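K.L.:
Next up is a structure, given as structure tokens.
In our numbering, the protein residues as written are 46 to 304.
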């Protein structure tokens with residue numbers, strides 16, 4: 046009778062990686078490290094910053110062309126949803142700097158194919174969520190008062206439901222995307238392991254994640270207030286800081302050899 050083979054934990058599906066507990070103010074330390082990364086890799090940061098600034102610039106152009114402010118909320122949420130999946134190149138830059146290497150554009154572009162099944166699968170997941178949000182936004186729009194210059198009282202139902210649905214969706218997406226791309230890039234694990242580990246890390250460090258979430262929202266608002274020009278710096282800053290947050294929170298069995 047054949048004996049059962051021990052399970053290789055590295056091949057387990059949807060396992061949960063352990064997390065460290067950090068200070069609620071740790072995100073500000075991540076931002077300070079991110080500023081240093083921008084200074085150390087200015088050209089790569091500028092290139093990616095310019096690319097990422099195009100998306101919010103298009104959103105603002107869409108608002109101008111449509112002549113209505115109603116597309117701002119769903120479009121902004123859509124931008125926030127797909128952003129984490131396409132920041133892989135910036136994560137690679139921060140990773141190379143931490144290892145003491147000189148980051149290059151080609152190496153960062155190749156990082157998008159380091160774990161193609163997981164990384165692109167996650168991008169598709171976020172795209173699906175984005176489409177669901179756009180459909181929900183269209184349904185919520187039915188509550189918008191069909192009168193010129195509606196009063197705040199007339200807008201209450203529309204604003205309340207839109208805020209609740211958008212808030213719940215953003216909270217869920219934040220939990221699953223906070224560290225998922227970084228985990229899949231470094232560990233090359235399956236998408237469910239990355240998602241489960243990200244949710245666990247967010248739950249374990251709720252105070253710090255609240256501060257980090259509010260920081261992201263604040264910087265994104267600043268980016269839009271500057272006519273999307275601010276995203277040239279904001280997007281690399283957030284991506285690098287997210288990488289440092291990942292390094293600080295997600296445990297490894299052996300020391301990485303860099304901090």
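Yeah, the Cβ is synthetic: ideal placement off N, Cα and C, and Gly gets one too. Everything numeric in this text was worked out from a predicted model, so none of it was measured.
Can you tell me the Cα-Cα spacing of residue 71 and residue 195, whole angstroms?
P.N.:
Looking up residue 71 in the chain shown gives position 26. Looking up residue 195 in the chain shown gives position 150. So the alpha carbons of these two residues sit roughly 43 Å apart.
K.L.:
In angstroms, rounded to a whole number, what distance separates the CA positions of residue 81 and residue 146?
P.N.:
Translated into positions along the chain shown, residue 81 becomes position 36. Translated into positions along the chain shown, residue 146 becomes position 101. So the alpha carbons of these two residues sit roughly 15 Å apart.
K.L.:
Quick one: Cα of residue 165 to Cα of residue 235, how far?
P.N.:
The count along the chain shown starts at 1 and reaches residue 165 at position 120. The count along the chain shown starts at 1 and reaches residue 235 at position 190. Taking the straight line joining both Cα atoms gives about 11 Å.
K.L.:
Residue 66: which of 250, 199, 76 and 149 sits nearest, CA to CA?
P.N.:
For the purposes of this step, residue 66 is taken as residue 21 along the chain shown, with counting starting at 1. Of the listed residues, the one whose Cα sits closest to residue 66 is 250.
K.L.:
Going by DSSP, name the residue or residues bridged to residue 64.
P.N.:
Looking up residue 64 in the chain shown gives position 19. 295, per the DSSP bridge assignment.
K.L.:
For the alpha helix (DSSP H) containing residue 274, name the first residue and the last one.
P.N.:
As a position in the chain shown, residue 274 is number 229, starting the count at 1. Premise fails: residue 274 is in no alpha helix (DSSP H) and is neither H nor E.
K.L.:
DSSP three-state call for residue 195: helix, strand or coil?
P.N.:
Working through the chain shown from its first residue, we reach residue 195 at position 150. Here residue 195 sits in coil by DSSP.
K.L.:
Beta carbon of residue 230, beta carbon of residue 156: below 9 Å?
P.N.:
The residue you call residue 230 lines up with position 185 of the chain shown. The residue you call residue 156 lines up with position 111 of the chain shown. In contact: residue 230 and residue 156 (Cβ atoms closer than 9 Å).
K.L.:
If we count the other Cβ atoms within 10 Å of its Cβ and call it buried at 16 or more, is residue 238 buried or exposed?
P.N.:
To locate residue 238, count along the chain shown from 1; it is residue 193. Buried is the call here.
K.L.:
Please report the straight-line C-alpha distance between residue 52 and residue 60, rounded to a whole angstrom.
P.N.:
Within the chain shown, the letter at position 7 stands for residue 52. Within the chain shown, the letter at position 15 stands for residue 60. In this prediction, residue 52 scores a pLDDT of 40, lower than 50, which makes its location untrustworthy; the coordinate-derived value is nonetheless stated afterwards. Cα to Cα, residue 52 sits roughly 12 Å from residue 60.
K.L.:
CB residue 98 to CB residue 280, shorter than 9 Å?
P.N.:
Against the chain shown, residue 98 aligns to sequence position 53. Against the chain shown, residue 280 aligns to sequence position 235. Yes, they are a contact pair.
K.L.:
When you compare the CB of residue 69 with every CB in chain B, is at least one pair closer than 9 Å?
P.N.:
Absent here is chain B; the protein component of the structure consists of one chain.
K.L.:
Let me check understanding here. Comparing Cα to Cα, which of 205, 162 and 161 lies closest to residue 182?
P.N.:
Working through the chain shown from its first residue, we reach residue 182 at position 137. Here the closest residue by C-alpha is 205.
K.L.:
Taking only the alpha-carbon atoms, compute the straight-line gap between residue 77 and residue 170 and give it to the nearest angstrom.
P.N.:
As a position in the chain shown, residue 77 is number 32, starting the count at 1. As a position in the chain shown, residue 170 is number 125, starting the count at 1. Each residue's Cα considered, the two are about 31 Å apart.
K.L.:
Have a look at 174, 240, 191 and 176 and flag the residue whose alpha-carbon is nearest the alpha-carbon of residue 62.
P.N.:
By one-based count along the chain shown, residue 62 stands at place 17. Out of 174, 240, 191 and 176, 240 has the C-alpha closest to the C-alpha of residue 62.
K.L.:
Residue 143 and residue 288: beta carbons closer than 9 Å?
P.N.:
The sequence position of residue 143 within the chain shown is 98, counting from 1. The sequence position of residue 288 within the chain shown is 243, counting from 1. Yes, the Cβ-Cβ distance between residue 143 and residue 288 is below 9 Å.
K.L.:
Excluding the five sequence neighbours on either side, which residues of its own chain have a C-beta within less than 6 Å of the C-beta of residue 301, listed in chain order?
P.N.:
As a first step, residue 301 must be located in the chain shown, where it is residue number 256. Excluding residues within five positions, none has a Cβ falling inside 6 Å.
K.L.:
Rounded to whole angstroms, what's the CA-CA distance from residue 74 to residue 258? Just pull it up for me.
P.N.:
One-based indexing of the chain shown puts residue 74 at position 29. One-based indexing of the chain shown puts residue 258 at position 213. Approximately 15 Å, taken between the alpha carbons.
K.L.:
Taking a contact to mean a Cβ-Cβ separation below 9 Å, would you say residue 273 touches residue 101 in this structure?
P.N.:
For the purposes of this step, residue 273 is taken as the residue at position 228 of the chain shown. For the purposes of this step, residue 101 is taken as the residue at position 56 of the chain shown. Cβ distance < 9 Å, so residue 273 and residue 101 count as in contact.
K.L.:
If we ignore side chains and look at the alpha-carbon of each, how far apart do residue 173 and residue 179 end up?
P.N.:
Reading the chain shown from its first residue, position 128 is the one you call residue 173. Reading the chain shown from its first residue, position 134 is the one you call residue 179. So the alpha carbons of these two residues sit roughly 10 Å apart.
K.L.:
Please state whether DSSP places residue 213 in a helix, a strand or coil.
P.N.:
For the purposes of this step, residue 213 is taken as residue 168 along the chain shown, with counting starting at 1. Helix at residue 213.
K.L.:
Taking just the CA atoms, how far does residue 110 sit from residue 39?
P.N.:
Look at the range of the chain in this structure, 46 to 304, and you will see that residue 39 is not part of it.
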